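*Asks:*
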Amino acid sequence: MKERTVWEQIADQLRSRSIWMLHYCTGCGAMELPPTMTARFDMERFGIMPMATPRQADILLITGYLNTKTLRRVIYTYEQMADPKYVIGFGSCTINGGIYYDSYSTINRLDYYIPVDVYIAGCMPRPEAILEAFQYLMEKIRKGEADGWKRYKENYEWYKQNQIRSLGEVYVHDEFHE
Amino acid sequence: MTNSMNEALKAIEIFNPMVEEIDERQVKVSVGNDKLVSVLETLKSKGYSHLSLITCVDWIDDGQLELVYILFSWQDGGKFIVTTRIDRNNPKFVTVKEIWPVARFYERELHEFFGVEFEGNDDMKPLFLELWDEMPPLRKDFDPREYSKSKFPDRKYEKDVIKEAKIFRGEIDG
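These protein sequences, in sequence, are chains A and B.
Throughout the first sequence, residue numbering follows this note's numbering, covering 25 to 202 in sequence.
Throughout the second sequence, residue numbering follows this note's numbering, covering 7 to 180 in sequence.
#1: Quick check on the DSSP output: the alpha helix (DSSP H) that includes B:L49 runs from which residue to which?
#2: Excluding the five sequence neighbours on either side, which residues of its own chain have a C-beta within less than 7 angstroms of the C-beta of A:L84, listed in chain order?
#3: Could you tell me the alpha carbon to alpha carbon distance between B:R110 and B:G121, rounded to whole angstroms?
#4: If we count the other Cβ atoms within 10 Å of its Cβ and call it buried at 16 or more, is A:C147 buried or exposed?
#5: Taking C-alpha atoms, which residue in B:E47, B:E27, B:E170, B:W65 lies nearest to B:V102?
#6: Report back the beta-carbon spacing between A:C117 and A:G51 to the nearest angstrom; my notes put them in contact at under 8 angstroms.
#7: Would you say B:D64 faces chain A, with C-beta separation under 9 angstroms as the test?
#8: Anything in the stretch 107-134 of chain A with a Cβ closer than 8 angstroms to a Cβ of chain B? List those residues in chain order, please.
#9: To the nearest angstrom, how far is the alpha carbon of A:Q185 from that of A:G192?
#10: May I ask you to list, following chain order, the residues of the stretch 146-170 of chain B that have a beta carbon less than 7 angstroms from some beta carbon of chain A?
#11: Can you give, in chain order, each stretch of the beta strand (DSSP E) that sits fully within the stretch 82-153 of chain B and has at least 3 residues?
#12: Expressed to the nearest angstrom, what Euclidean distance is found between the alpha-carbon atoms of B:I87 and B:S79?
#13: Short check: CB of B:I92 to CB of B:D147, under 9 angstroms?
#14: Can you list the residues of chain B that A:S190 reaches, using a CB-CB cut of under 7 angstroms?
#15: Which stretch, first to last residue, makes up the alpha helix (DSSP H) that contains A:Y102?
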């Protein structure tokens, strides 16, 4: 890994204290987020806030399974986010497909298409596990190890080739938007 | 059965349906291909005006597809399940979008997942799947596992016996 300058180290320290989260809630994992956000577990005490738009967000939290239709939208969203950006794969569906491992439309592993910094195992992971993962991600950012966005740039060809292999075409054609 | 269900059954008796009572408020009615639309219209005029669902069952051993129309009455909560069987190799039927406009979406869905064609309904664009390149996926002879293997690569697991043994002995934290 490349040595970071002092300024980059300071920037990473500051970054880890204020991460805004875009949650891509297509799967059932969205259920665990309201208690994580609200008073019971209160993730805002770590400086993590829910954010509605990709341009302002730092984390992309992918809760649960992704099928080919939603994966196209995830790739769109991920590429719209500004650097530095981090991805958290939530639940066993993003790790190995979970109970949808033999589905005709659901992908089996997320890190084949976009780089993932932290995985949360479980079906479902409890809010404690989510907070644990956030802490781990903050630690990784401070050490400069959360470099998924750099890997995406370096290995862009490989990721693109995988995306095209599974999706055919990444562009979204939507009858409700055309 | 409720009173209105008995009345509705009496009204469709001329189409000689096969009636099967499922429970107090549900009746299954199986009719021939040519009579299905008339049965649906009669039931609609008798108060069963809400089309809850159109779906399909694949009877691969009989070589048939069973179309299922579920009608609901807001007067007493009764449900009519009207079914008919069509040929599996040449799955064609007539549309009911003139009776219920919402049916065109159900018919699109059936065309996508079972390959059934509905005459009179020209809008058969895919509704859920994008860039689908195989046979309709909810047919019984489609193998989703093979498709998943060919398209979506799995994660490979390697068993680390020594690490597992260390975890069992409590030397490292699993």
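For every residue, glycine included, the Cβ atom is placed at its ideal position computed from N, Cα and C.
These numbers were taken from a predicted model, which means no experiment stands behind them.
*Replies:* Let me lay it out:
#1: To locate residue 49 of chain B, count along the second sequence from 1; it is residue 43. Note, B:L49: alpha helix (DSSP H), 42-51.
#2: As a first step, residue 84 of chain A must be located in the first sequence, where it is residue number 60. Within the same chain, A:L84 has close Cβ partners L46, Y48, T101, Y102, M105, K109, V111.
#3: Counting from one through the second sequence, the residue named residue 110 of chain B turns up at place 104. Counting from one through the second sequence, the residue named residue 121 of chain B turns up at place 115. So the two alpha carbons sit approximately 14 angstroms from each other.
#4: Counting from 1 along the first sequence, the entry for residue 147 of chain A is found at position 123. Exposed, by the Cβ-count rule.
#5: Numbered from 1 along the second sequence, position 96 holds the residue referred to as residue 102 of chain B. Of the listed residues, the one whose Cα sits closest to B:V102 is B:E47.
#6: As a working note, residue 117 of chain A is residue 93 in the first sequence. As a working note, residue 51 of chain A is residue 27 in the first sequence. The Cβ separation is near 6 angstroms, so the contact holds.
#7: Translated into positions along the second sequence, residue 64 of chain B becomes position 58. Taking Cβ atoms only, chain A never reaches closer than 9 angstroms to B:D64, which makes this a no.
#8: I119, N120, G121, Y125, D126, S127, Y128, S129, T130, I131, N132, R133
#9: In the first sequence, the residue the question calls residue 185 of chain A occupies position 161. In the first sequence, the residue the question calls residue 192 of chain A occupies position 168. Their Cα atoms are separated by approximately 10 angstroms.
#10: P150, R151, Y153, S154, K157, F158, P159, D160, R161
#11: 85-93, 98-100, 123-125
#12: Residue 87 of chain B sits at position 81 when you count from the first residue of the second sequence. Residue 79 of chain B sits at position 73 when you count from the first residue of the second sequence. For B:I87 and B:S79, the distance between alpha carbons rounds to 12 angstroms.
#13: Reading the second sequence from its first residue, position 86 is the one you call residue 92 of chain B. Reading the second sequence from its first residue, position 141 is the one you call residue 147 of chain B. Not in contact: B:I92 and B:D147 (Cβ atoms no closer than 9 angstroms).
#14: Stepping through the first sequence from its first residue, residue 190 of chain A is reached at position 166. Per Cβ cutoff of 7 angstroms: K157, F158.
#15: Within the first sequence, numbered from 1, the residue matching residue 102 of chain A stands at position 78. Segment 92-104, the alpha helix (DSSP H) holding A:Y102.
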